[in-house]
Every structure is written in structure tokens, then in C-alpha cells.
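Asker:
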Amino acid sequence: MIMLLLNKVVIIGAGSGDPELITLKGKRYLEQADVVVYTGSLLNPEYLKYAKSTAELYDSAKMGLPEMLKIMSEGVKAGKNVVRLHDGDPSFYGAIQELMDGLDKEGIEYFRIPGISCLLGGAAALNRELTLPNISQTVIITRPEGRTPVPEAESISKLAQHQATMVIFLGTPHIAKVMVELQKGGYPKDTPVSVVYKATWPEQKIVKGTINDIVDKVKAQGITETALIFVGKVLDPKAYDLSKLYDPTFTTGFRKGEEPNVP
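In this text, residue positions in the sequence shown follow the working numbering: the first is 27, and each later residue adds one.
1) Whole-angstrom Cβ separation of Val-63 and Leu-111, contact assumed at under 8 Å?
2) DSSP on Asp-4, reduced to helix/strand/coil?
3) Go through the segment 56-109 residue by residue and report every complete run of the alpha helix (DSSP H) that reaches 4 residues or more, in order.
4) Exposed or buried, which one is Pro-170 when buried takes at least 16 other CB atoms within 10 Å?
5) Are Ala-253 and Thr-198 touching if we call contact CB-CB under 8 Å?
6) Bridge partners for Leu-261 per DSSP, in chain order?
7) Between which two residues does the alpha helix (DSSP H) harbouring Ile-201 extend?
8) Could you tell me the boundaries of the alpha helix (DSSP H) in which Gly-148 lies?
9) With which residues is Thr-191 paired in a DSSP beta bridge?
10) Does DSSP put Ala-253 in a helix, in a strand, or in coil?
11) What does the alpha-carbon distance come out to for the pair Ile-38 and Asp-115?
12) Counting only the same chain and skipping the five closest in sequence on each side, list residues whose C-beta sits under 6 Å from that of Val-257.
13) Write down the C-beta distance between His-188 and Ile-166 rounded to the nearest angstrom, noting that I regard them as a contact closer than 8 Å.
14) Considering only the beta carbon of each residue, do Leu-74 and Leu-83 sit closer than 8 Å?
15) Report buried or exposed for Lys-224, applying the criterion of at least 16 other Cβ atoms within 10 angstroms of its Cβ.
16) Are the segment 38-47 and the segment 129-149 touching, with three or more C-beta to C-beta distances below 8 Å?
17) Can you list, in chain order, the residues of its chain whose CB lies under 6 Å from that of Thr-275, leaving out five sequence neighbours each side?
18) Taking Ser-220 as part of the alpha helix (DSSP H), name the residues at either end of that continuous run.
19) What distance in whole Å lies between the Cβ atoms of Leu-196 and Gly-211, which are believed to be in contact at a cut-off of 8 Å?
20) Please report the residue range of the beta strand (DSSP E) in which Val-233 lies.
21) What residue range does the alpha helix (DSSP H) around Val-244 cover?
22) Where does Thr-168 land, buried or exposed, given buried means 16+ other C-beta within 10 angstroms?
23) Thinking C-beta only, is Val-260 closer than 8 Å to Phe-137?
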């Protein structure tokens, strides 16, 4: 086995829940980690089975940022392989920037290995393409205001004015308010909505409905957190244009388009 001691922190996006969705590279670094700081409140514990039996495991859900930085800094300085194991991919709502800034101040180098976000896991679970020609070519990733504020220009109602596909993180505790805000922004009541609970986990649930009825359906399933809200016509398109990519009459950089058959 190739030793991976780098005197750096390796930040690994573990994936959306299914332990097999971690990347080969992420798994390789995790297997050789001496110190693993993991997001215990959100991470499927099955990922930790990839760590060696002697690894020091620390649940970041029970820590503040200074304690996390101390563990990582001391580990690197002691010549240990240090991994920050994050659920999904930390690029979305992962509080990763403040961690990296803290490591910078400590003079600790780091690099990241991306993971499969629950956004992608949820879209796969729904068997839906989020960008369909003539329906929506934009995906808005956002969250509602809760205990943490959201800039006024990024309120759900203002973003909804675009009528694009929306993927709403951290929204199920406020789902009734979210549906009201979507309507304020212009989405019709019959706009399709899907809620995916724990995407790619064994206990995954999918609830489908519309802005008008999804609240009651989600409550009936007892879903209050750890779920994504998908909104938009792409979830149940009545008709859409086919992609030009595979249109035999369309010329690309790889093939010349055929002459259309004219009856």
C-alpha cells in the first residue's frame, strides 16, 4: 500500500449516504487516516468502517470550531494522517470555508476530495433530469431563512420569480412557509414538488406532490429534517424539447448532421 503521509489535512466529501458512493480516492485516504474528524450528525456511520481500527475518531457534532482545529493541527504536527470526513460534498452549506481559513492561520496545508452531494443523490433517486430543454436550464440551490439569516435578495419568493428548477436545503422544518413563499414568487399551486428524505440511505423516502398538497403529505410521513425539497416542472414535464446533442440533423464538433427527411 502506498503511504499517503503528506503533513496536510485531507478534506473528504464522503457522499450522500450510500457508503459505496465515496470516491475511490476518498476511500483510499480514509483507509490510511490516523485521525478522522467526521460530521456525526449527518454522516452515515457505515463510512467509518473504512477507517483502520487504530484510527482516532472525533465527532465534530459535539465540537466547536476551535476544538476541531486543535485536533487537526496537533495531528498534522505529530506526523499523523488527518482526515476531515464530511457528509455529501461540503461545497453546499458545509461551513468548510471557516475551517480552511482556520487551517491557513495555523499554517496547516490541506486539500479537498469532492463527494456526491445529496442534491445529486436526490436527483438520482427521483430519476429526473433537473435541466430540460424548453422547461428549465437553471438550477437554483438555496435554503430558507431559519435561525441563520438569508440575504433579502435571496429570499425564496424572489428566487422563485425565475421559475427555474429549485433545490431547497434545510427547508423541511419550514416547509409550509416555503410553499407560501414559492407562490408569492409566482409558482402556480400545481407546480410539482418532490421531497427526498435521506437520499441514497437505506431508509430513503420520496414524497411527491404539488405546492398545494406537499405539506400534508410530508407531515403524514413524519419527515421534519434531513431532506431536500425539489421544485419545478422538470419533475413532471408534460412535454419538452429534445436535446440538440443527439439530434441526428444537428451538426456538432464530432459529427455532421444528416439532412432532415422531408416527406
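For glycine and all other residues, C-beta sits at the position ideal for the given N, C-alpha and C.
Computed from a prediction, not measured in an experiment: that's the story for all the values here.
Answerer: Reading it off the structure:
1) 7 Å
2) Nothing about residue 4 can be reported from this structure: the residues present for the chain run from 27 to 289 only.
3) 91-103
4) buried
5) yes
6) None, per the DSSP bridge assignment.
7) 201-210
8) 144-152
9) Val-165
10) strand
11) 8 Å
12) Met-192 and Val-219
13) 7 Å
14) yes
15) buried
16) yes
17) Gly-283, Glu-284 and Pro-286
18) Unbroken run through Ser-220 is the beta strand (DSSP E), 218-223; no alpha helix (DSSP H).
19) So it is not a contact: roughly 18 Å between Cβ atoms.
20) 231-236
21) 240-246
22) buried
23) no
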